[in-house]
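Sequential numbering from 102 applies to the sequence shown in the working numbering. Ideal Cβ placement from N, Cα and C applies to all residues, glycine included. Values in this document were obtained by computation on a predicted structure and should not be read as measured data. For reference, the structure is listed below as structure tokens.
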Amino acid sequence: MTYQNIRFEVQDGIARLTLNRPDKLNSFTGAMQLELRAALDAVQDDNSIRVLVLSGAGRAFCAGQDLTDPEMAMKPRLPDIGNVVEKYYKPLILRLQNLRVPTLAAVNGIAAGAGASLALACDLVIAARSASFLQAFSKIGLIPDTGGTWFLPQRVGMARALGLALLADKLPAEKAADWGLIWQVVDDSQLAASVDKLAAQLAAMPTKALVRTRQVMHAAPSHTLEQQLSMEGGVMRELGWSPDFAEGVAAFMEKREPKFTGK
Ligand code: T3D
């Protein structure tokens, strides 16, 4: 597939997906959503890929929904944006959450609206010091969607989640890291190198264990302790039969670095 609104490259087990509408701060259109979907499906189907890196071209990460997209047209009647959510945003976030590789958002600039939610749907978020996160929704009379109401309170607690969502103030990357919204902030000049290093590290790790960790941790809020312990047991059983577990233990015994294959 050729892409017009994103860039998608795979090298050395690392898939790099870059939102690529820099003049419009990489805001989402229907066409971009379809390309994102195709690229995520390509990641899912390619067993050589061990990590996905998501970033934005130019000065922004993503400014959320393109408010000028025809599907958002206010005339001749107000749009059914619930339908847009169902058609594009819900499948996008579910694809990311069910992806068979760990995901890393490299936030190079502002992440606003659904763009912020997209970053928060990734397993790890690393941001440039000049980047910021903006829950822009209340400014236009909407709620945090694209999983925002799920990810935000889980990451920073209800008081800060509500403050961010209601007031829609820009949260600088450094404060976002202090609050636990994101994993790490680095100097702008260090972002590319830090992302490469982290991506290479993740790509060399036992992929299944990383993804199961995401799944089990996200399941916890809707489980009792007993249910969670049972889920942990089931996943440990599955991983205990995996080649990467055998390799990890063998490498420990033999006092060498493990060579994980993601199997
Ligand atoms: O569809 C549904 O189902 C609803 C789903 C909604 C999910 C959402 O994401 S709702 C939230 C939508 N996003 C926003 O409301 C953010 C709007 N943008 C901004 O508030 C600001 O642009 C930023 C704070 C992100 C950045 O400000 P600044 O000053 O750095 O840049 P700028 O000058 O405002 O923007 C640069 C250009 O990008 C400009 O175009 P121009 O004038 O140079 O031709 C601007 O219009 C364009 N742009 C920025 N954001 C959007 C956009 N164009 C369309 N849609 C955008 N969201």
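Item, Value
"Cβ neighbour criterion (16 or more within 10 Å) applied to Met-259", "exposed"
"Cβ contact check for the stretch 140 to 152 and the stretch 280 to 297: 3 or more pairs under 8 angstroms", "no"
"Proximity test, Gln-166 beta-carbon vs the ligand T3D heavy atom, cut-off 6 angstroms", "yes"
"Burial state of Phe-361, where buried means 16 or more other Cβ atoms lie within 10 Å", "buried"
"Ordered list of beta strand (DSSP E) runs contained in the stretch 147 to 184, each at least 3 residues", "152 to 157, 161 to 163"
"Chain C contact for Gly-281 (CB, 7 angstroms cutoff)", "Included in the structure is just one protein chain, with no chain C present."
"Start-to-end residues for the alpha helix (DSSP H) that takes in Glu-327", "326 to 341"
"In DSSP terms, what Val-286 is bridged to", "Ala-228"
"Integer Cβ distance of Asp-246 from Tyr-189, believed to fall under 8 angstroms", "Actually they are not in contact, since the Cβ atoms of Asp-246 and Tyr-189 sit about 10 angstroms apart, beyond 8 angstroms."
"Under 7 angstroms between C-beta atoms of Leu-205 and Leu-225", "yes"
"Any non-hydrogen atom of the ligand T3D within 6 angstroms of Thr-130 CB", "no"
"Expected contact under 8 angstroms - CB spacing of Pro-192 and Arg-261 to nearest Å", "That belief does not hold up - the Cβ atoms of Pro-192 and Arg-261 are roughly 28 angstroms apart, past 8 angstroms."
"Beta-carbon gap between Ala-222 and Ile-182 smaller than 7 angstroms", "no"
"DSSP state of Ile-194 mapped onto helix, strand, coil", "helix"
"Alpha carbon of Gln-134 to alpha carbon of Glu-358, nearest angstrom", "40 angstroms"
"Candidates Arg-201, Ala-220, Glu-172, Ile-211: closest to Glu-187 by CA position", "Glu-172"
"Beta carbon of Gly-341 nearer than 7 angstroms to that of Arg-151", "no"
"Spatial neighbours of Ala-164 in its chain, beta-carbon cut-off 6 angstroms, leaving aside the 5 residues before and after", "Leu-126, Ser-128, Ala-213, Gly-216"
"Spatial distance of Leu-118 from Ala-347 (CA atoms)", "32 angstroms"
"Rounded Cβ spacing between Ile-107 and Glu-136 (contact assumed at less than 8 angstroms)", "5 angstroms"
"Nearest to Ala-229 (by Cα), restricted to the options Leu-235, Arg-201, Gly-210", "Gly-210"
"Check: Phe-238 C-beta below 6 angstroms from any heavy atom of the ligand T3D", "yes"
"Contact set for Gln-328: own chain, Cβ-Cβ below 8 angstroms, skip 5 residues either direction", "none"
"Which listed residue (Leu-155, Val-317, Leu-267, Gln-198) has its alpha carbon closest to that of Phe-109", "Leu-155"
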